[in-house]
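First up is the structure itself, then whatever we jot down about it.
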Amino acid sequence: MPAKQEDGAVCYREGLVVNENYQICDLTNRKIVDQLKEQKPQATFSCNAERQTCNFQFWVGQMESFYCALDTCNWKAEATDTRNSTTYVCDNIVCSCIPGRFLCGAENSIDIGDFLDQEIKGPATFSTVRSENSKEDGSNGECLYRTEVPGYERPINKINTPLIASVIAGCALFVLAAILLVFFLSRRGARRYGPIHLGDDEQEENAKLLADHKPAALYFDNVSYNLKGKQILTGITGAVHPGELLAIMGASGAGKTSFLDIMARKKKRGIVSGDFWLNGEKVTDDEFRSVIGFVDQEDTMLSTLTVHETILDSALLRLPKEMSVASKVQKVEDVERQLGIYHIRHQVIGSEEGSGRGISGGEKRRVGIACELVTSPSILFLDEPTSGLDAYNAFNVVECLVTLVKTYNRTVVFTIHQPRSNIVALFDQLILLAQGRTVYSGPFDKCQSYFDGIGYSCPPGFNIADYLVDLTMHASTPYDPDEQVEIAFSANGDDATTRASSTRAIKSIASISNVSAMNSLGSAEESQTFLRPKAKRKASIRQQQERQLYSRKNTTEPMPQISGGSVRSEGDSMLGDDERQHWVKLSKQQGQPPPPLNEDPHDLPPAAPGATGSDLDVLISAYNASDVAAALHDDINAAADTAAESNGHPIGSPNGGAPHAGKVKGYRKPRIHTQFLILSRRTWRNIYRNPMLMLTHYAIAIILAVFIGFLFYGISDDLASFQNRLGFFFFILSLFGFSTLTSLTVFAPERLLFVRERAKGYYRPIAYYLSKIVFDIVPLRLIPPIIMGVIVYPMTGLVPAWAEFAKFMLFIVLFNLAAATICLFIGICVKNQGVANLLGVLVMLFSLLFGGFLLNHNTIPKSLAWLQNLSIFHYAFEGLIVNEARYLSLVDKQYGLDIEVPGSAILSSFGFNTLALWRDAIGLGVVCGVFLVLGYAALHIVLVEKR
1 MPAKQEDGAV
11 CYREGLVVNE
21 NYQICDLTNR
31 KIVDQLKEQK
41 PQATFSCNAE
51 RQTCNFQFWV
61 GQMESFYCAL
71 DTCNWKAEAT
81 DTRNSTTYVC
91 DNIVCSCIPG
101 RFLCGAENSI
111 DIGDFLDQEI
121 KGPATFSTVR
131 SENSKEDGSN
141 GECLYRTEVP
151 GYERPINKIN
161 TPLIASVIAG
171 CALFVLAAIL
181 LVFFLSRRGA
191 RRYGPIHLGD
201 DEQEENAKLL
211 ADHKPAALYF
221 DNVSYNLKGK
231 QILTGITGAV
241 HPGELLAIMG
251 ASGAGKTSFL
261 DIMARKKKRG
271 IVSGDFWLNG
281 EKVTDDEFRS
291 VIGFVDQEDT
301 MLSTLTVHET
311 ILDSALLRLP
321 KEMSVASKVQ
331 KVEDVERQLG
341 IYHIRHQVIG
351 SEEGSGRGIS
361 GGEKRRVGIA
371 CELVTSPSIL
381 FLDEPTSGLD
391 AYNAFNVVEC
401 LVTLVKTYNR
411 TVVFTIHQPR
421 SNIVALFDQL
431 ILLAQGRTVY
441 SGPFDKCQSY
451 FDGIGYSCPP
461 GFNIADYLVD
471 LTMHASTPYD
481 PDEQVEIAFS
491 ANGDDATTRA
501 SSTRAIKSIA
511 SISNVSAMNS
521 LGSAEESQTF
531 LRPKAKRKAS
541 IRQQQERQLY
551 SRKNTTEPMP
561 QISGGSVRSE
571 GDSMLGDDER
581 QHWVKLSKQQ
591 GQPPPPLNED
601 PHDLPPAAPG
611 ATGSDLDVLI
621 SAYNASDVAA
631 ALHDDINAAA
641 DTAAESNGHP
651 IGSPNGGAPH
661 AGKVKGYRKP
671 RIHTQFLILS
681 RRTWRNIYRN
691 PMLMLTHYAI
701 AIILAVFIGF
711 LFYGISDDLA
721 SFQNRLGFFF
731 FILSLFGFST
741 LTSLTVFAPE
751 RLLFVRERAK
761 GYYRPIAYYL
771 SKIVFDIVPL
781 RLIPPIIMGV
791 IVYPMTGLVP
801 AWAEFAKFML
811 FIVLFNLAAA
821 TICLFIGICV
831 KNQGVANLLG
841 VLVMLFSLLF
851 GGFLLNHNTI
861 PKSLAWLQNL
871 SIFHYAFEGL
881 IVNEARYLSL
891 VDKQYGLDIE
901 VPGSAILSSF
911 GFNTLALWRD
921 AIGLGVVCGV
931 FLVLGYAALH
941 IVLVEKR
């Protein structure tokens, strides 16, 4: 056989000469056998088709006796149902003896040499017969390549058109059914829950389960926070009791949200210090988090769920596992009625980007509050619940909180920027912050009298919240020695203005208001004695506050002339004489005068630790020395002493020390499998109510499958078709590989939702991860390759065998899952979507480079050969091509001959290992499993809330 064709060699034994035939048989003639006794007679016969010659030899005891050469030969074969016969006819024959051999002069033998030479002339005829029951007395045949066997016809790949049509129709019907199912589920009316009736025993048991969450008082002292060397909060102290509403107020950047996070025991990036007590006792962070609720400033809810579904999921995941589902549903409806959202419980949350407009901003904020209230938290924290709402909805939200506080004796702590007056009136406790420091912390009903007492009265008609925030802003302005306020006077009254026009509206400030009061003295000469020449002096904090509140600067209109040489402030024109007298009257206070404050910035008190270097230090020092601060410290000490006494410790024992575990008892949450079922249902709702991505994958799978099948329709078995096979597998893997980049966004829309729900203890990360894998990854990564595979396989004419088809489907499914898990891992680790997309593309291109199509394995430098083991394209591409071409013979037309080239030889030349099929399948499975584990590890470690 020619080189490299040994694997295709067969032994043709039908007697018909193709190239050169060889036959040997034992002689059975009785006379010859009896004469030879122990020696075995045999005859050999061979023919050469190209030379049309034959040779005959006679052997005795495996020694040739004589031979005959025949030429001008031809032969023909006849075949019937029971026998095959071949007849050989040669025109000329020449025979000759071998001297000294049997029948040719050997001892005790005759010599037939002359007979053979003179009598045997030809023509000669031979025949071979093979019957169904014939006994083999010899061997015959010739070595042929299998395509040379007479009657051989190359198999033609037959395309089963009816099968292809039925498969395409079936896939189309599947997608149509999916569309109809999604349409039905998305348009179906929300489930209407009827009245829920609970037995007396069940109601008592549920009440007992919720009774562990007792009303709680929260105390905190000397709370500070440092982030990367910058002091964010310094020495904040306060308290809030059950049935009270604590508002944390301040300008932007005052540290309200940071302080609220610290109070709620959120994990912070910086260093937190301070003491915290719950009902006078210190508890661990985990126990504290189990009895509180936290509502973030930004609402993070799935837009495809309804109001009731959103709150119900929170209840099912967080309420005690011993409670029945009916009890949890009743609890949800009770909360919906408390917050006034029961009438919209079946409306979709909605969003501007995705599912369209849903409920309003105020309703969405109350839904967020309901998700926390459903667990009956002892303390509820809210970060700017009125942010982004109009005044009416903002008041409704705060009014709901007040109802919760007063009716159910709960504790509510929230931050608010600058509330309107009717919201301010609802506060019980107030903490006013400026640059992370306490300007006021205490009962709200004492707030106004406190600021009156230190010389900063809120004018009648002004919202005290606006006044206090503006006050802290003006006081926070760093002291600049070059900043001066010009007060100019002239004898004729020209330009007789001052910037501190509020002197008539707020308590008298001697340096300015006395000058203005000289208007009542009458004559210009008398008043002239009080006039100072044009001079410069420093502006106090109160002057800055008053100037900003009341001055109305107008440079386009001329100032009115003031007769009599009196000095009037710029704001006097806004007030009539009666009004001015009324304001001055209001500024007078009864009783002892307040302690004087330094008006001159040059005479500020000495800087305390953590001082701001601004007028704010005056306000901070005034509060620290006030009776309000002293009463607050007494309250904290009394609560700690009471708790110590109840625990058997002596009164007056230190308040510090490590928190004690077991002081607070939380709910026993549902088990992981229950959490998985609840989250799976939520994920499936989100998919079928926003089905565009899923249906697009299915539609593209069918359309591209038909297009690819038409492009590679009926791949033949010639050598050129091997390139088509390579291109087909390369394209289909590239399609699936880069389409899995959509897995980068699987967690992106819910990243913030997961982080916050995990921080609030909704579920275990493993339950969420498995629900996303089963109900998000599988529908998008398992079904599309199956749809495409069942269409393209019969259309392209690949090996028509069920085993090869099953292995083909196995490889494309494993490859798709492996690529999806890699992209999922990247999407979890990288928050920035642009960076994640770039990394995903680079990983796919790197894997594609070592896949075996662009770069031959044998040409890769040995130092880099190990990188091919990291390529999922290599595993899938090698597995697919080996599965297809390992036993395939390809025809190569050379020199006018059809030479069959074994597919395994071509695979070896491309650097593929024909024995690595199952190793490649295992490699893909290992990659898939490894990145599933890495994805969970990243989810567990990386996606942790740190504020």
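Quick note: the sequence shown, position 458, residue 458 per full-length UniProt numbering, numbers continuous.
Virtual Cβ for every residue (Gly too), placed ideally from N, Cα, C.
Would you kindly report the start and end of the unbroken alpha helix (DSSP H) that includes residue i?
i: S771; result: P765 to K772
i: I236; result: Here I236 belongs to no alpha helix (DSSP H); instead the beta strand (DSSP E) covers K230 to V240.
i: F220; result: Not the alpha helix (DSSP H): F220 falls in the beta strand (DSSP E), residues L218 to L227.
i: Y450; result: C447 to G453
i: residue 1017; result: No answer is possible for residue 1017: the residues shown for the chain start at 1 and end at 947.
i: T642; result: D627 to S646
i: Q23; result: Run containing Q23: none in the alpha helix (DSSP H); it sits in the beta strand (DSSP E), E20 to D26.
i: residue 977; result: The requested residue 977 does not occur in the structure, where the chain is confined to residues 1 to 947.
i: T472; result: I464 to A475
i: S909; result: G903 to S909
Whose C-beta lies closer than 6 Å to the C-beta of residue i among residues of the same chain, with five residues either side of it excluded?
i: V790; result: V167
i: V94; result: A69
i: P595; result: Unreliable positioning characterises P595 in this predicted model, as indicated by a pLDDT of 46, which lies under 50. The coordinate reading is nonetheless provided below. Excluding sequence neighbours, P595 sits near nothing in its chain.
i: L227; result: G270
i: A190; result: Any reading at A190 needs caution, since the residue's pLDDT is 44, under 50, leaving its predicted position unreliable; the model's value is listed next. The answer, listed in chain order, is T306 and H346.
i: F276; result: F220
i: A535; result: Model confidence at A535 stands at a pLDDT of 40, short of 50, so the residue's coordinates are unreliable; what they give is reported in the following sentence. Within the same chain, A535 has no close Cβ partners at all.
i: V927; result: A818 and I872
i: D892; result: L719, I899 and V901
Could you check how far apart the C-beta atoms of residue i and residue j are, in whole angstroms? I think they sit under 8 Å.
i: L426; j: V397; result: Not a contact, Cβ separation roughly 11 Å.
i: I416; j: E384; result: 6 Å
i: L317; j: Y762; result: 5 Å
i: S847; j: F873; result: 5 Å
i: L52; j: N29; result: Contrary to the premise, residue 52 reads as Gln rather than Leu in this sequence. Not confirmed; about 29 Å, so no contact.
i: A819; j: F736; result: 7 Å
i: L389; j: G361; result: 5 Å
i: M694; j: P794; result: 26 Å between Cβ atoms; not a contact.
i: E911; j: H857; result: Residue identity differs from the one stated: residue 911 is Gly in this sequence, not Glu. The Cβ separation is near 3 Å, so the contact holds.
i: R101; j: E64; result: 7 Å
i: L814; j: A885; result: Not confirmed; about 20 Å, so no contact.
Between which two residues does the beta strand (DSSP E) carrying residue i extend?
i: L432; result: Q429 to A434
i: R130; result: A124 to S131
i: T674; result: Segment I672 to R689 is the alpha helix (DSSP H) holding T674; no beta strand (DSSP E) there.
i: residue 950; result: Residue coverage of the chain in this structure runs from 1 to 947, which leaves residue 950 outside it and unanswerable.
i: T257; result: T257 -> not in any beta strand (DSSP E); alpha helix (DSSP H) instead, spanning K256 to M263.
i: T696; result: Segment M692 to L711 is the alpha helix (DSSP H) holding T696; no beta strand (DSSP E) there.
Go through its chain and collect everything with a Cβ distance to residue i's Cβ below 8 Å, but skip five positions before and after it.
i: S771; result: F676, L679, S680, R682 and T683
i: V10; result: C143, L144, Y145, R146 and V149
i: E579; result: Residue placement at E579 is flagged as unreliable, the pLDDT there being 41, under the threshold of 50; a coordinate-derived value is accordingly withheld.
Please confirm whether residue i has its beta-carbon closer than 8 Å to some beta-carbon of chain C.
i: T796; result: Here there is only one protein chain, and chain C is not present.
Note down, in chain order, each residue of its chain lying with its Cβ closer than 7 Å to the Cβ of residue i, except the 5 sequence neighbours on either side.
i: R289; result: R265 and G761
i: S109; result: F102 and L103
i: G709; result: I791, V792, M795 and T796
Complete beta strand (DSSP E) runs within the region 30-116 (minimum length 3 residues, chain order): Listed in chain order, they are 41-48, 53-60, 63-79 and 83-97.
Unbroken stretches of the alpha helix (DSSP H), 4 residues or longer, contained in the region 369-422: 391-408
Within the region 276-325, ranges of the alpha helix (DSSP H) (whole runs, at least 4 residues): As far as the region 276-325 is concerned, its whole alpha helix (DSSP H) runs of at least 4 residues are 285-289 and 307-318.
The region 237-252 touching the region 213-224, judged by at least three CB pairs closer than 8 Å: yes
Segment contact, 8 Å Cβ cut-off, at least three pairs: the region 671-685 with the region 709-726: no
Meets three-Cβ-pair contact criterion under 8 Å: the region 460-469 and the region 409-423: Segments in contact, yes.
Cβ contact check for the region 820-838 and the region 789-807: 3 or more pairs under 8 Å: no
Length at least 4, wholly inside the region 775-822: the alpha helix (DSSP H) runs in chain order: If we require 4 residues or more, the alpha helix (DSSP H) runs fully inside the region 775-822 come out as 778-781 and 783-796.
The region 284-294 touching the region 370-378, judged by at least three CB pairs closer than 8 Å: yes
Inter-stretch contact at 8 Å, needing at least 3 Cβ pairs: the region 305-312 / the region 329-344: Touching, yes.
The region 435-452 / the region 618-636 touching (three or more Cβ pairs under 8 Å): yes
Cβ contact check for the region 248-259 and the region 468-479: 3 or more pairs under 8 Å: yes
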